[in-house]
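Q:
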Amino acid sequence: MRLLLVEDNVALADELLADLGRQGYAVDWLADGRDALVQGATEPYDLVVLDLGLPGMPGLDVLRRWRADGLATPVLILTARGSWAERIDGLKAGADDYLSKPFHPEELALRIQALLRRAHGVANQSELKAAGLALDEARQCVRRGDEEIALSGAEFRLLRYFMLHPGQILSKTQLTEHLYDGESERESNVIEVHVNHLRRKLGRGVIETRRGQGYRYAGDAEQGG
Numbered sequence: 001m002r003l004l005l006v007e008d009n010v011a012l013a014d015e016l017l018a019d020l021g022r023q024g025y026a027v028d029w030l031a032d033g034r035d036a037l038v039q040g041a042t043e044p045y046d047l048v049v050l051d052l053g054l055p056g057m058p059g060l061d062v063l064r065r066w067r068a069d070g071l072a073t074p075v076l077i078l079t080a081r082g083s084w085a086e087r088i089d090g091l092k093a094g095a096d097d098y099l100s101k102p103f104h105p106e107e108l109a110l111r112i113q114a115l116l117r118r119a120h121g122v123a124n125q126s127e128l129k130a131a132g133l134a135l136d137e138a139r140q141c142v143r144r145g146d147e148e149i150a151l152s153g154a155e156f157r158l159l160r161y162f163m164l165h166p167g168q169i170l171s172k173t174q175l176t177e178h179l180y181d182g183e184s185e186r187e188s189n190v191i192e193v194h195v196n197h198l199r200r201k202l203g204r205g206v207i208e209t210r211r212g213q214g215y216r217y218a219g220d221a222e223q224g225g
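Quick note: the sequence shown uses the UniProt record's numbering, first residue 1, plus one each step.
#1: Over the uninterrupted beta strand (DSSP E) stretch that includes LYS129, give me the two end residues.
#2: My understanding is that ASP89 touches LEU60, with C-beta atoms under 8 Å, so please give their C-beta distance in whole angstroms.
#3: Please classify GLY40: is it buried, with 16 or more other beta-carbons within 10 angstroms of its beta-carbon, or exposed?
#4: ASP28 to HIS178, Cα distance in whole Å?
#5: Which residues in the same chain as LEU3 place their Cβ atom closer than 6 Å to its Cβ, once the five residues preceding and following it in sequence are excluded?
#6: Please report the distance separating the alpha-carbon of PRO44 from that of PRO102.
#7: Contact between the segment 62 to 77 and the segment 110 to 123 is defined here as three or more beta-carbon pairs at a separation below 8 Å; is this criterion met?
#8: Could you tell me which residues DSSP pairs with GLY214 in its beta bridges?
#9: Can you list, in chain order, the residues of its chain with a C-beta nearer than 8 Å to that of ASP181? Leave out the 5 residues immediately preceding and following it.
#10: When you compare only the Cα positions, how much space is there between LEU128 and GLU147?
#11: Considering only the alpha carbon of each residue, which of LEU37, ASP69, LEU71 lies closest to GLY56?
#12: Report the option in ALA95, GLN23, VAL195, LEU52 whose CA atom is closest to the CA atom of ARG67.
#13: Can you tell which of ARG144, GLN168, ARG211, LEU158 has its C-alpha closest to the C-alpha of LEU198?
#14: Apply the 10 Å Cβ neighbour rule to ALA131 and answer buried if 16 or more other Cβ atoms are within range, or exposed otherwise.
#15: Considering just the uninterrupted stretch of the alpha helix (DSSP H) at ARG67, what are its terminal residues?
#16: Which of the three DSSP states is assigned to ALA134 in this structure?
#17: Quick one: what's THR79 bridged to in DSSP?
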């Protein structure tokens with residue numbers, strides 16, 4: 001999943017980039033509201049973490065412009081402003097969630113997970129479940145029944161994206177755009193390589209190849225858990 005972090009506090013941004021990277025997210029970072037307005041509307045982000053007190057353009061104005069232009073990407077506001085009136089202003093502007101500084105990194109991680117699952121119609125649960133597999137995002141491993149299967153970081157990121165889009169045909173371009181940040185080298189066959197790794201571990205039937213279209217993860221997402 002590819003996230004946009006808009007935060008002008010460099011020390012905090014560095015900390016969040018490290019934390020979110022360890023959680024398997026590809027993250028682009030911007031510190032200016034005007035830059036965020038453009039990039040957030042043109043790049044295929046799964047979620048935006050948006051500070052309010054930004055140079056260039058305030059975060060609320062950025063959010064209002066995105067929503068007025070029809071951008072539906074989930075937005076979590078992250079700010080030092082903690083009054084109830086400012087929270088209401090953020091929600092009225094179209095924010096999906098609101099977290100005040102200081103905060104615990106685990107709370108941010110859980111809120112991001114909840115927003116991403118909600119955006120894909122998946123119940124909020126401790127594990128993501130689809131097609132007979134249970135993905136533990138905290139431990140970055142997958143289970144089939146009582147069998148626990150280890151995953152590399154790249155395999156975990158790819159499988160999580162598949163499991164959030166069960167039954168959908170996903171092109172290589174779409175997968176690449178959502179699994180790598182804007183600075184990453186994107187080799188043409190990297191998705192194919194990781195798909196083959198997952199098939200060896202999980203079985204060939206879990207991920208179907210659609211010639212000329214891309215890949216399809218079998219099954220439907222399971223609710224509850």
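No residue lacks a Cβ here, since even glycine has one placed at the ideal position from N, Cα and C.
Because the structure is a prediction, the values reported are computed rather than measured.
A: Let me spell this out:
#1: For LYS129, the enclosing beta strand (DSSP E) starts and ends at 128 to 130.
#2: Right, the Cβ-Cβ distance comes to about 6 Å (below 8 Å), so this counts as a contact.
#3: Counting Cβ neighbours within 10 Å, GLY40 comes out buried, since at least 16 surround it.
#4: Looking at the two C-alpha atoms, the distance is approximately 11 Å.
#5: TYR25, VAL27, LEU47
#6: One Cα belongs to PRO44, the other to PRO102, and the distance between them is close to 29 Å.
#7: yes
#8: Looking at the DSSP assignment, GLY214 forms a beta bridge with ARG210.
#9: Taken in chain order, the residues that qualify are ARG2, ALA26, VAL27, ASP28.
#10: Cα to Cα, the separation comes out at about 16 Å.
#11: That would be LEU37, whose Cα lies nearest to the Cα of GLY56.
#12: ALA95
#13: LEU158
#14: buried
#15: First-last of the alpha helix (DSSP H) with ARG67: 59 to 68.
#16: Correct three-state label for ALA134: strand.
#17: SER100
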